[in-house]
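Residue numbers (this note's numbering), protein chains in the order written: chain A, 23 to 822; chain B, 17 to 225. All C-beta atoms in this analysis are idealised placements derived from N, C-alpha and C, irrespective of residue type, glycine included. Since the model is a prediction, treat every value here as computed from it, not as a measurement.
Below, the structure written as C-alpha cells:
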C-alpha cells in the first residue's frame, strides 16, 4: 500500500472514548451478576514460610460463607512457577487461602478465623546477600532463576576482589559476547568502569486487578483486568484446567497494565475456582491497593557494572556489561537480558560481552513493566555516556549520534538485522525542537537555590511480531465489522490498527465497527497487547484479513457484473469497475451475495493455516456476511526496533534537593504514524512514567523482616500533576518501516526510558556532570552531591 | 552451609516470635480486613449482613431523590457503585490517595471512598453520570475531554472530569498552573496530565461559550 492514505496518519475518536468520559465504560469491577458473592484473601505475613497447618473449619461453619479455597484445591507447580495459592509462600502478601461469602465483611471475618501456622524459612531481599557464600536462598530449591531454579554462589574471593564499591564479577548464569572485547579496550582512548543500581518499582495501575467469575453450562465466564484478550485465553484456560473454548473472557476496558496484565496471571483463577466450588455462583474478588502492590507485579531492579571503551571521537569500541537482577520469587522476567540486547543495538559497540544472573528474592513477583530492562539500562547507561562525552570534549548529542544504529544496525549476540532505524533522525528532530544548542548553555546556571541542568536520553524496545490472524465481516447492513482480539489498556491501538482495514477497503470509518472486549464476540488469534507490539503486529494481521475481504468483494463483483476481479476497485463503501464506475455494487449488496454464494465468501470454507481460535470465531460468524479472514504471512526479516528520544531541562534545588522538570521534548521513531493525537499522549504519558522511574519510585524493604515500605501510592510516589512540566512537547520521525504494509512500528515502551535517561542526565548535568549511577535520584542524593558529601549508602546497596 | 544449616541459622537469628514482634513494631498488618464493605447490596445478596443494620435513607444524587438502604459505616463510593448502579465512580485505592472516586458534594469535589453515606443526606451529590444533558448530550467538560483525547486507560477520567467541573464553577478562567493545582489530587498512572490539562483549558473555553 502506498503512502497516500485517507485515514492512516489522521486523528480520529476511538469508539471507547465516549464511555470513558461518561462513566459508561465498564471495567471488571463494574459488572454485576445475580447472587454475586465476594471473595477475600488470606495472604502471607512472612517473606518466606511453609504452611504447617491451615485450619479453615471455623470459617467453614460461619453463616454466609459459601466456598473456601486452600492450596489443596489448586494445581501443584514446579519450583520457580507461581502457584494460585501458596503452600510455601515466597513473599509478604502472597495469597494462601480465599473465602467467598455473601458479602465482603463476612468473607473478611471468615478469613480472620483461619488458623495459619507458618514456619519461617530463610529469606532475602538483596540479591548480593544471596550470592554470598552461605547466603540465604529465597527458594528452598535454589537462588537463581534461568529456565528453572538453580543455585549459584560466588566465592569470598569474588567479593574481595571487587571491594565494597564495585560489583563483584562472580559466576554468571548467562553469558554471551561478540567481537574481540579485549582488543576493543586496547584501542580505546578512554575506558570507564562504572557500578550502578536501578531499583524495583511497582506498576500500580489505577485499576487494581479485580476479577469476577461464574460458571454456566460448563463454561467459565471471567471478567478480568487484562491488556490482552485473545492471547490471554490459553494461559487462563490452562490455569483452570479447562478447554480454551470453555472460557469466556470479558475485558472491555482495562485501567492500565504497563506490562503487569499482559497475559493471564495465577490470581485470576481464584474467583473462578471459588465460583466452581460455589456451584457456579458469581464471585467478585475486589483486589485492594495493598494487594495490588503484593501480587500486582513490579519492575526488576539491577545491580550492575559496565566497562566501556571509547575512541577519541566517542565511538564505543568495547563494552563489558554485568547485571545482577532482583528476580522476585518466581520465574520473573528477562529484564537483564533485554537490557543487554538494548545496549548492543542502541550503541552498536564494536565488541561486547554480557554476563548476568537473575537472583531470586522474597519480594513481589516481577513481570514486564514498560520497557522491561531496556528502560532501566537507558537510565543507567546514558549518564555514563555523558561522562565520557565530557572527558573526550564531545557534545552529548554527538556522542549518541556517532554510536546510534542506522538501518544496517545489528542487535544481540548473534548480530541479527533490524528492519529500520531512524534513531539519528529522532535525535536531530529532538535537538532542533528542544533548542539543544541554546539550552545547553544554561547548564549549571544558578538562580536563587535552583541550578539548571539539561539532558538527552535514548531508549529502545523491539516493536513487532507476526503470524497472527485477522477477521473482518461485511454484513448486509453495509457495515464492516473489524474483530479485534487485543485488549484495551488505554493505548487505543486496538482501534488504530482497525483503521488499516478501512483504508484497504476504501470504506469510510463511520461505516466500520470495531468488535472487541469479549471472546464471546468471536475474536481472531491476536498478539499479546504488550511489548510495543500491537501497531506493527496487528496492523499486519488486520491488513491480511482486509486484503482477503477485498479480493472476495472483487470476485463477487466480477461474478455479477462480468470481467475479471482485477477490473474492480473498492472505494467509498462500493465496489466498482475501474473503467466504468456505473458498474458497481454496494458493500451491503456484496455481503448479501456472499451469504448466497456461501463457501469461502461467507466463512464456511476457511484457510488451512488459521489458529484454532480464529477458526472457531470465523465459524461462529459464518453465514452472516462476507467474511475476510487470514493469517499474517507477510515477511519480516529482522527485529523491528522502536526508539524514543527525550530532551529535558530540570531545575535542581540545591537547598532542598527537589528536582523540577521544567521542559520536555519527546520524539518517537515508530515508523508511519497511525494516529497523531494519540501518539502524542503516549509520548508525553510515557515520559511522565520515566520521570517517576528517574526521580521518585522505588521499592524499599526492611532488611530484618523483608517488610515492604513502599506499598501504597503515597509511599510509591507515582508522579502527579505537580511533578511534571505544565507543557510537554513531542514529535515523530514518521518514516515507514519496510516490514509493515503501512510502515507502522509500535513505540509505547522506549518513550518512558528515553525520558528517564534524559532526566538522570540532566540532574547530573546541573551538579557538574558526575553520574549518580543510581535511580531514582532522590533529594537526599541531590543534596549530598551538591555539597560534595559522600552518599549515605554504599554504591551497591539496595533497600535504601 | 547446607540448606538445613542455613535454615537453622536463620531461625536462630530471627525466631518466629521475634519476627512477629518486629512486624507489629513496624505497624504492619497484612490482614485483608481493611478495604471492605459490610452489608449486602440491594436485590442481589440473599441476606443482610449479620453485623450491619441497614437503614433506609434519601439521597440527592444527580438531581434525583434516591431511596437507598445503607449501613452506618457505608461509604458513598460503595452506595453509588453497588446500590445505585453508578459504576462510573471508580475505586483505585479506597484510601483517599488516588482521586479516582471523586464526586461533587454541593459542588465541592470529594473522594467518595472516604465519605460516609450518612453524612451526605440533604446535600447534592453529583457523579460522572449526572453531567450529560438530555438525550445524552455531553457536558462541555466531557466534550472537551473527548475533543482533546484526554483519557488513555480512562480509569481516572471520571474523577479528573469531576474535579474539572468543580474547578470551573469556582474559577471559570483558570491558568494552566491553577488547573494543575486543582487536579493534583487526581492521579493518572498513564501520565496523561498534559492532555488532561489541554482538556481543562478547552473546557473552560466551552463553558465560556
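Straight-line spacing of the CA atoms in residue 704/A and residue 580/A works out to 44 angstroms. Residues 220 of the same chain have their beta carbon placed closer than 7 angstroms to that of residue 189/B, with the five preceding and five following residues left out of the count.
In this structure, residue 689/A lies near residue 753/A, with their beta-carbon atoms less than 8 angstroms apart. Take the alpha-carbon of residue 76/B and the one of residue 124/B: they are about 15 angstroms apart.
Under DSSP, residue 374/A shares a beta bridge with 200/A, 341/A. Residue 180/B does not reach chain A, its nearest Cβ partner there being about 11 angstroms away, counting only Cβ pairs nearer than 7 angstroms. If you look at residue 783/A, you'll find it isn't in any beta strand (DSSP E); it sits in the alpha helix (DSSP H) that goes 772-788. About 6 angstroms separates the Cβ atoms of residue 346/A and residue 381/A, confirming a contact at the 8 angstroms cut-off. For residue 206/B, the chain A residues whose C-beta falls within less than 7 angstroms of its own C-beta are 278, 512, 707, listed in chain order. Residue pairing by DSSP places residue 730/A opposite 723/A in a beta bridge. A straight line joining the alpha-carbon of residue 402/A with that of residue 577/A spans about 57 angstroms.
Secondary-structure assignment with DSSP links residue 212/A through a beta bridge to 332/A.
Beta-carbon to beta-carbon, residue 470/A and residue 672/A are separated by about 15 angstroms, too far to satisfy the 8 angstroms threshold. The continuous beta strand (DSSP E) containing residue 503/A extends over residues 502-505. Of all residues in the segment 27-55 of chain A, those with a C-beta nearer than 9 angstroms to a C-beta of chain B are 33, 35, 36, 38, 39, 40, 41, 42, 43, 44, 45, 46, 47, 48, 49, 51, 52, 53, 54, 55, reading in chain order. Taking the Cα of residue 325/A as reference, the smallest distance to any Cα among 338/A, 648/A, 441/A, 379/A is reached at 379/A.
Not flagged as an interface residue toward chain B: residue 152/A, since no C-beta distance is shorter than 8 angstroms. In chain order, 494, 496, 527, 648, 650 place their CB closer than 7 angstroms to the CB of residue 571/A, counting only its own chain and leaving out the 5 sequence neighbours on each side. Sequence-distant Cβ neighbours of residue 615/A in its own chain, meaning closer than 7 angstroms and more than five residues away, are 578, 582. Collapsing the DSSP output to three states places residue 307/A in a strand.
Rounded to whole angstroms, the gap between the alpha carbons of residue 25/A and residue 764/A is 7 angstroms.
Interface flag for residue 165/B against chain A is set, since a Cβ pair is found closer than 8 angstroms. Per the DSSP secondary-structure output, residue 472/A pairs in a beta bridge with 469/A, 675/A.
Nearest neighbour of residue 70/A by Cα position, chosen from 102/A, 677/A, 116/A, 132/A, turns out to be 116/A. Taking C-beta atoms as the reference points, residue 276/A and residue 313/A fail to come closer than 8 angstroms. Secondary structure note for residue 137/A: its beta strand (DSSP E) is the uninterrupted segment 137-142. By DSSP's assignment, residue 238/A forms a beta bridge with 241/A. When the beta-carbon positions are compared, residue 55/A and residue 136/A stay at least 8 angstroms from each other. Less than 8 angstroms divides the Cβ of residue 679/A from the Cβ of residue 804/A.
In the DSSP secondary-structure assignment, residue 688/A is bridged to 668/A, 752/A.
Sequence-distant Cβ neighbours of residue 609/A in its own chain, meaning closer than 6 angstroms and more than five residues away, are 496, 500, 595.
By the CB criterion at 8 angstroms, residue 200/A and residue 437/A fall inside the cutoff.
For residue 711/A, at least one C-beta of chain B is nearer than 8 angstroms to its own C-beta.
Counting C-beta pairs with one atom in each stretch, the segment 756-774 of chain A and the segment 629-645 of chain A have fewer than three that are closer than 8 angstroms, which means they do not touch. Neighbours of residue 275/A in chain B, taken as residues whose beta carbon is under 9 angstroms from its own, are 169, 170, 171 in chain order.
Residue 150/B is classed as exposed because its beta carbon has fewer than 16 other beta carbons within 10 Å across all chains shown.
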